[in-house]
Structures are given as C-alpha cells and as structure tokens.
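Colleague: To start, I am sharing the structure in question, which I have written as structure tokens.
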C-alpha cells in the first residue's frame, strides 16, 4: 500500500504532466469519430484546455455555431439529407443540454434572444423558460362577453393548433387561469371564463367533450362518485421539478420556503431552467386531461414509476413558467384561481347562450341585441339560463352528462329532462341554514307548521335501490361508500313495502349498540373500515335513520312538499329495529316554544348534535320575511356562525349573476317545503349545540405553529394549542386550529410570534420543543413561547391517538382532542395560570359521554334541583 507521501508525489506528478479533466469537446469529438467523421473536424481540433477557459454553455454554443456552418457548406454540395447523429445522453440535473430536431423553430422561439436557429437535423439548443405561446397570450379574454367576438380569433387559433397537432393548446387555458387569478372582481372572473369557453365551443368542441376543459378548471377529473384520484404525493412533484429543472434539494426547499405554493415553486424553478435535452411538445387541453386520467388509472406494481414518468413529461413539455405553475397546481388539485363550481356553471350558462358549435342549430342570443338592453334585463336573461344549468348539475352532477347535452341542444327546458334524476347517480343534497338558537328559529318560521328532527351524530347517506335490488350508497359529498356498508346493502332491498320497486332515500347512518339501540358518537363510526368491508368481520354496528324520500318508482318527488314525502317514506317502508327506522321527530309551530325546547334537550341528551327544523307545507299565502336564501358556503366555511347584518361581499351583485335575494320580490318569496338540491334555504334550519353561545368553551394556550399554504404561506396556520396539567406543570397539546381567524389576526399573530426569518430578530419563539410541552405528533415549523390564552369553541371532545391532553384521566392509551375547534377571541383578562386544565377537559368528555339521564334524575330536574346550565335559554 502506498504511503501518504508517495500518494502526494504521484498526484503532484500527474499534475506536472498536464492531465486535465475531460471537457465536453472530448465527448463530442469521440461521438463524431464513432459516426465516421475525420478528426480534422472543428470539434476535434479544439485544444483540450478549452474546457477550462469556457463554460459548458459557452462551449456548446461555439460548437453549435461551427456545426451550423459545416452543415450549410455540406448542403451546397450534397442533395441527400444528412443522417441525424444519435441523441446525446445527459443527466436530468444538467441545465445546458443538446437535442436533435427536424422541426423549424416556433415564432416564440425565434423571438427569443437565447433560442438558436435550427438547420436540418443538427443538434440544437432549446430554451424552455421563454417558449411562450404569443398568439394565445394576445387574446383579450377578460373583455366583456357582449363585445368579445370569438370568430376574430378562431381561424388563427385553428391554424396555430394545426401546426401543433390540431387540438386546442393548453396555453389557452393557462391564459385564462392567469387572467382569472390576477383579479378579485367576480365580474371579470366570469367574463374571462365565458370568453374562453366560447372560443372552445366555436373553435374546438372536441376539447370541450367530454368536458376536459371544465374538469381541468374545477380541480378534478371526474365526478366525486367515480373514484378517479390522482394519488400523487408531494414527493412526486418535487422529484419531477428537481429532474426537469436541474435543482437539488436545498435549492428546491429554499424556493418553497420563500413562496409556499407548489405552483409558484414550479414557476420559479422553470425560470431557472436554461435548456432542455429535447424540444418541448406543446401541451394540449386534451393531452393534459388524458395524462391525468392515466395517472389516476395507474395501479399495481410499477404504477409509481409510471406516474412519475407522466409527471416528468408534463413538466418537460410545459412552455414557460405559467404553464408549469398551473400544471403543478392541477397535479396538486388546488388551482387557486378563485373560480368555484358555481362560477363555472354561471360561465357555462352564458357561454352556451351566446355561442354554439359548428353544425348545431339551437337558438342563441345576439351580443349586439343584448348590448342594447338595460342592466336589469340582461341580469334577468342571465339568471334564467343560470337556473337551468344549476338545476341540471344539481340533479346530475357530472359534466360528462351536462356538456354533451349543452353542445347538442343548448340552454332549453329540455335540458332539465336530459339531466334529470337517475338511479345510482347521486343528486346534490339540500342543505340547511344555521341558526344561533331556538328563539331565532321560531322567529324565522313564525306562522308556519314545521317538523323538528333529531340531528344524529353520524354520516349523511343517500341510498339508491333499483327494481333488481342493486344498492348504491353515497356520502353528502357524493362519494361512493357502498363497500363501507355491506350490511346496509343487504338490508335495504328488504325494507321496501308493497308496490315499491325503486327509490332514492336520504338518511343518517349512526353507530349503535345492536342490543340496546343506544346511539354512539361519530368517532365510533370512523373506526369502521372504509373499503372492502367483510360483512362477517363488522365490529361497529350501524342503523339507518331515514328522513327524506326524493325518488319513488321512477318518479321524482322533488316538487312534493316535505309532509307528502315524509308520509310516503313512513307508509311504504318497513321498520327493522336497530337496523332501519325513521328519525325521531316532532311536529310543532312557533306557538309551542316549550315543547320545542324540551325536544331539543332530549336530542342533546341522546348524543345528537342538535335538531333539524323543516317546513312542512307550501304556504303560498304567507310571505317569508326572514333573511331569504343563504349564500353558498365552501366546506371550510360551513362551521362559521353567520352574523346578522353581514355586509354584501365585494364584487357580488346582479351584474355578476349572483342575484341579491334580500332585495326586490325575493324578500317576500314564499318559503317552500320542496326538496331543492344543492341549495341552502331557510325552509331547513339546523340548531346545533356547538352553535349555542351558552355551551362550554375552552381557554387554550397557543404553543406552536406551521407555515400556511398558498395565501397563508407567510402566516402561522394551523396553530397548535394546549391545556394545563396542574399537577405536573406541563402543557398538554389538545388540537390544531385553522378556523375562526381573520387575515388581520393572522398578521398580528405572525408579528407577535416572529421566527426571525424575515426580520432577523426572533420574538416569542423557539427552534426546539420546550421541555414543559407534551406533544407526539408531526413537528411544527416553530414553537411559541407560551404568552396568551385563546377562547375556543368546539363541537365535541374526542379520544385521540395523537394528542396527549388528559391522557390517563379517561384512557390509559389515548388523550383527548377537540372536534371542529374554532377560535373565538383572545382572553386578555386571563393569565396562563387561568387557562383550562386537563381535568376540566376530561370532565367535559365525561359529561358528553354520559348516557340518557335516569328517571329519578329527570324527576329531580323537574323540581329544579339539578337544572343543567347549558340547556337554559
């Protein structure tokens, strides 16, 4: 073995002999020799020291220029097309590579100062960071639909698309996304979507069918009841960005820490990518949609690699930073363009009112004629078409059913027939408005008869059964969960009474004790397996509590009153104790407050969330003087308590199509008892115990936080909270909270708990977990110095395998956590020593879990000796 001194000598000797690392010219010269070329070529004659004087990029450009001159000279003497050299292999992390091409450069590439002119089949440099689609980028999609004329652009676009395969380019969709995400005006958002849809309707209907463009614009690729999930984790996208854009882990993390959004990270990473191995193949709307379907359909061994290849190819072919941004956001299924389902339906209704595909003959409205109408008249025209499209989608929520019908017959009454109720296709459920307490509910329904129903703590289910006994069960979000309840699938055909063949029923699936029929909480139900449940291995028994009937023997019942629907439900189906029954209900009027209050108390004592109150009859002669129809609310906002006198949201108005139901004739519109899919109306009201201000709250201590996503990337969201352990002095983590915060509060909290990342001066934060905190879940981004007390509302206290609060007090293995925690306010009047304790938390859990009050206890309550404070009005 050589000694260290000898090794140094050998190394020094090597240096003296002038040994240099092999540069690019060595490999290019070798490649040319393998193709039969002489060593006298320009590449071969380059001195070996070039690699130390020129960067790889400079050397590659120099070689390219010399090769271009050589090809030009050869083309003057030869009539045969020269043979293409084999492709050069390169590491995916190289930022400068070469690619074979036989296509002329696009107009965008010619305009780019970095792109090189191509000749024949020579190797050429391709710049991807600036290969934008300039033709599409010049279309004024945000113009008013009444002045926008798609015919001005469709011919040029068809010619442009024909050169790239014939289908509408993804650049058009990207252009739409950029404009939509760049404005907060609802009018501009709708106008932009309308104009984009009209171009596709008139220019390339095939990209509209089957609804590819609409699916890509709505964060999904299929309806909820068809299980077609991408199944991509963040690692797949990160790996693709590193491979395609030549980033290492540190660079990628630095970009993400700065921007916090995967799409913005892709945008920045694409800008840093200089050159690619091959010319990007322009993405099309149809191609992107098909790629997503392939990702979702990949299963079994090797599926991860197959998905990764598709993701890599999408990012490779994305031209420019904006396409990369929205490709990644689409893969994350979080577009963040400010256009939700309702906005898309409004845009579709207007687009098909103004445009039709080539060959169709349904009537449309002239933009020049509409421009002469008053705003109120245009609003009425928009509103009629919107109601038809929304009603169709609510009854059959699948763009693949709706859009083919629109392309064929446009906006007509026949559309409601084409897209009516169908077995095994879920309709969107009707929703109830939230009321703070019983007195508010009684005021709203004054003069009307109504039914109070237990609001069970279970899972809402829509049950379909056809004449052959086939059963489908859907969740409130329209997800298919038939496999989760094989016991119900077996039971449902048996509950049909005489004369019943097919039906669609709605009810609540609740965990029960099969012997006693006692109700169990929602957490017990979640312990049941979700897929491939064997009926013989079921450990959590359930009962279906039916409350509505929407379809019977191939006839829809949506237009019938609730009293009629309920009567059919109770008379035509057979009760099976502890397996199938009807919700417990009470018919009353606003003149029976004591009866309603007692019913509410019994519901909460029986482990229900509260009560649902539903109008029984269509009383046309009694105008409704309440707040009218409630606005559509996103799932993340549905737990917030509505406030009276809430200001109208910015940008929402009649010109947008979101008609103000509090003005005009709608204020005196009768409160009907029909079933209205996908609407939140005051004909259904819910009074939940956690919305009642008299119920318990907790005073918790914020102890840690995570960086938010997207808009909240620079703030702390969620925040980890804890209770006190008086015996040990420890703070025990109880939950994370993201609900109830305002932007102003987020900013103030970020300033108060400053990690120093921007200011350089940390304040009230730590980098390591304090020894006095007990928490075993995922590590937060920052630990807070305990300083404040926050008052929190919640729906229930639940057992948790993650949180350690009150562990040992109610369970030796699990702590306690909060379901649906919601921030109320800071308790500046309380010190840390006055925050809620683990003992208090355990007491709330025990009270919640207590069974129905025994008879003797009820007698004491009647004497007023032990009246429960939380049930007092």
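Numbering (UniProt numbering), first residue to last: 1 to 873. Glycine residues also receive a C-beta, built at the ideal position from the N, C-alpha and C atoms.
(1) Can you tell me which of the three DSSP states residue 264 falls into?
(2) For residue 836, which residues of its own chain have a beta-carbon under 8 Å away from its beta-carbon, when the five flanking residues on both sides are left out?
(3) Please report how far the alpha carbon of residue 552 lies from the alpha carbon of residue 425, in whole angstroms.
(4) Tell me, which residues are paired with residue 551 by DSSP?
(5) Since residue 685 contacts residue 704 with CB under 8 Å, what's their CB separation in whole angstroms?
(6) Can you tell me where the alpha helix (DSSP H) holding residue 523 begins and where it ends?
(7) Can residue 237 and residue 392 be called in contact, C-beta distance under 8 Å?
(8) Could you give the DSSP three-state label for residue 545: helix, strand or coil?
(9) Under the rule that 16 or more other beta-carbon atoms within 10 Å means buried, what is residue 323, buried or exposed?
(10) Expressed to the nearest angstrom, what Euclidean distance is found between the alpha-carbon atoms of residue 188 and residue 230?
(11) From the DSSP output, in three-state form, read off residue 472 for me.
(12) Residue 527 and residue 512 look like a contact to me (Cβ under 8 Å); what is the Cβ gap, rounded to whole Å?
(13) Roughly how many whole angstroms lie between the Cα atoms of residue 534 and residue 239?
(14) Could you give the distance in angstroms between the alpha-carbon of residue 823 and the alpha-carbon of residue 715?
(15) Just curious, the beta strand (DSSP E) that residue 707 is in, first and last residue?
(16) So, using beta-carbon positions, are residue 350 and residue 180 closer together than 8 Å?
(17) Applying the 10 Å Cβ sphere with the 16-neighbour rule, what's the burial state of residue 159?
(18) Tell me the DSSP secondary structure of residue 464 in three-state form.
(19) Taking the alpha-carbon positions, what's the residue 305 to residue 612 distance?
(20) Is residue 620 helix, strand or coil when you go by DSSP?
(21) Suppose the cutoff is 7 Å on Cβ atoms and the five residues either side in sequence are ignored; what does the same chain contact list for residue 452 look like?
(22) Could you tell me if residue 514 is buried or exposed, where buried requires 16 or more neighbouring beta carbons within 10 angstroms of its beta carbon?
(23) Rounded to the nearest angstrom, how far is the Cβ of residue 345 from that of residue 318, given a contact under 8 Å?
(24) Chain D beta carbons: is any one of them nearer than 8 Å to that of residue 239?
(25) I'd like to confirm the pairing. Which residues does DSSP put opposite residue 716 in its beta bridges?
(26) Where are the alpha helix (DSSP H) runs, 4 residues long or more, that stay fully inside the stretch 309-348, in chain order?
(27) Should residue 473 and residue 573 be called a contact, given that it needs their Cβ atoms to be closer than 8 Å?
(28) Starting from the N-terminal side, write out each stretch of the beta strand (DSSP E) that is 3 residues or longer and does not extend beyond the stretch 719-788.
(29) Based on Cα-Cα distance, which residue from 184, 148, 185 and 135 lies nearest to residue 168?
(30) Are the stretch 772-780 and the stretch 796-807 in contact at 8 Å, needing three or more beta carbon pairs?
(31) From what residue to what residue does the beta strand (DSSP E) around residue 682 run?
(32) Terminal residues of the continuous alpha helix (DSSP H) containing residue 566?
(33) Between the beta-carbon of residue 673 and the beta-carbon of residue 563, is there less than 8 Å?
(34) Take residue 710 and list the residues in its own chain whose beta-carbon comes closer than 6 Å to its own, dropping the five residues that flank it on each side.
(35) Starting from residue 425, follow its DSSP beta bridges and name the residues at the other end.
(36) Could you check where the beta strand (DSSP E) with residue 139 kicks off and where it finishes?
Modeller: By the coordinates alone:
(1) Locating residue 264 in the chain shown gives position 264, where the first residue counts as 1. Here residue 264 sits in helix by DSSP.
(2) The residue labelled residue 836 in the question sits at position 836 within the chain shown. Answer for residue 836: 698, 699, 700, 723 and 724, listed in chain order.
(3) For the purposes of this step, residue 552 is identified with residue 552 of the chain shown, where counting begins at 1. For the purposes of this step, residue 425 is identified with residue 425 of the chain shown, where counting begins at 1. So the alpha carbons of these two residues sit roughly 15 Å apart.
(4) Walking along the chain shown from the start, residue 551 turns up at place 551. According to DSSP, which records beta bridges pairwise, residue 551 is partnered with 504 and 556.
(5) As a working mapping, residue 685 is identified with position 685 in the chain shown. As a working mapping, residue 704 is identified with position 704 in the chain shown. Not really, about 38 Å apart at Cβ, beyond 8 Å.
(6) Counting from one through the chain shown, the residue named residue 523 turns up at place 523. Its alpha helix (DSSP H) spans residues 522-526.
(7) Translated into the one-based positions of the chain shown, residue 237 becomes position 237. Translated into the one-based positions of the chain shown, residue 392 becomes position 392. Cβ atoms of residue 237 and residue 392: not closer than 8 Å.
(8) For the purposes of this step, residue 545 is taken as the residue at position 545 of the chain shown. Residue 545 falls in the strand class under three-state DSSP.
(9) Along the chain shown, one-based indexing puts residue 323 at 323. That one is buried.
(10) The count along the chain shown starts at 1 and reaches residue 188 at position 188. The count along the chain shown starts at 1 and reaches residue 230 at position 230. Distance between the alpha carbons of residue 188 and residue 230: 31 Å.
(11) Position 472 of the chain shown, counting from 1, holds the residue named residue 472. It is a strand residue.
(12) For the purposes of this step, residue 527 is taken as residue 527 along the chain shown, with counting starting at 1. For the purposes of this step, residue 512 is taken as residue 512 along the chain shown, with counting starting at 1. Their Cβ separation, rounded to whole angstroms, is 14 Å, which puts residue 527 and residue 512 out of contact at 8 Å.
(13) By one-based count along the chain shown, residue 534 stands at place 534. By one-based count along the chain shown, residue 239 stands at place 239. Spanning the two alpha carbons is a distance of roughly 38 Å.
(14) As a first step, residue 823 must be located in the chain shown, where it is residue number 823. As a first step, residue 715 must be located in the chain shown, where it is residue number 715. C-alpha separation (whole angstroms): 16 Å.
(15) As a first step, residue 707 is located in the chain shown; it is residue number 707 there, counting from the start. Per DSSP, residue 707 belongs to the beta strand (DSSP E) from 698-707.
(16) On the chain shown, residue 350 is found 350 positions in, with the first residue counted as 1. On the chain shown, residue 180 is found 180 positions in, with the first residue counted as 1. Taking 8 Å as the Cβ cut-off, residue 350 and residue 180 do not qualify as a contacting pair.
(17) Taking the chain shown and counting its residues from 1, the one referred to as residue 159 is at position 159. By the neighbour-count rule (16 or more Cβ atoms within 10 Å), residue 159 is not buried but exposed.
(18) Your numbering for residue 464 matches position 464 in the chain shown. Strand at residue 464.
(19) For the purposes of this step, residue 305 is taken as residue 305 along the chain shown, with counting starting at 1. For the purposes of this step, residue 612 is taken as residue 612 along the chain shown, with counting starting at 1. Roughly 49 Å between the two C-alpha positions.
(20) For this step, residue 620 is matched to residue 620 along the chain shown. Coil.
(21) The residue labelled residue 452 in the question sits at position 452 within the chain shown. So the list reads 585, 586, 588, 596, 599, 611 and 613, once near-sequence residues are dropped.
(22) Here the question's residue 514 lines up with position 514 in the chain shown. Exposed is the call here.
(23) By one-based count along the chain shown, residue 345 stands at place 345. By one-based count along the chain shown, residue 318 stands at place 318. Actually they do not touch by this definition, with Cβ atoms about 28 Å apart.
(24) Of the protein chains in this structure there is only one, and it is not chain D.
(25) The residue given as residue 716 occupies position 716 in the chain shown. Paired residue(s): 707.
(26) 320-332
(27) In the chain shown, residue 473 corresponds to position 473, counting from 1. In the chain shown, residue 573 corresponds to position 573, counting from 1. Result no, Cβ atoms of residue 473 and residue 573 do not sit closer than 8 Å.
(28) 731-737 and 782-784
(29) Translated into the one-based positions of the chain shown, residue 168 becomes position 168. Of the listed residues, the one whose Cα sits closest to residue 168 is 135.
(30) yes
(31) Against the chain shown, residue 682 aligns to sequence position 682. Segment 680-688, the beta strand (DSSP E) holding residue 682.
(32) Within the chain shown, the letter at position 566 stands for residue 566. First-last of the alpha helix (DSSP H) with residue 566: 562-572.
(33) Translated into positions along the chain shown, residue 673 becomes position 673. Translated into positions along the chain shown, residue 563 becomes position 563. Yes, these two residues count as a Cβ contact at 8 Å.
(34) As a working note, residue 710 is residue 710 in the chain shown. Closer than 6 Å at the Cβ level, and outside the excluded window around residue 710, lie 261 and 336.
(35) Locating residue 425 in the chain shown gives position 425, counting from the first residue. Looking at the DSSP assignment, residue 425 forms a beta bridge with 422.
(36) Along the chain shown, one-based indexing puts residue 139 at 139. Premise fails: residue 139 is in no beta strand (DSSP E) and is neither H nor E.
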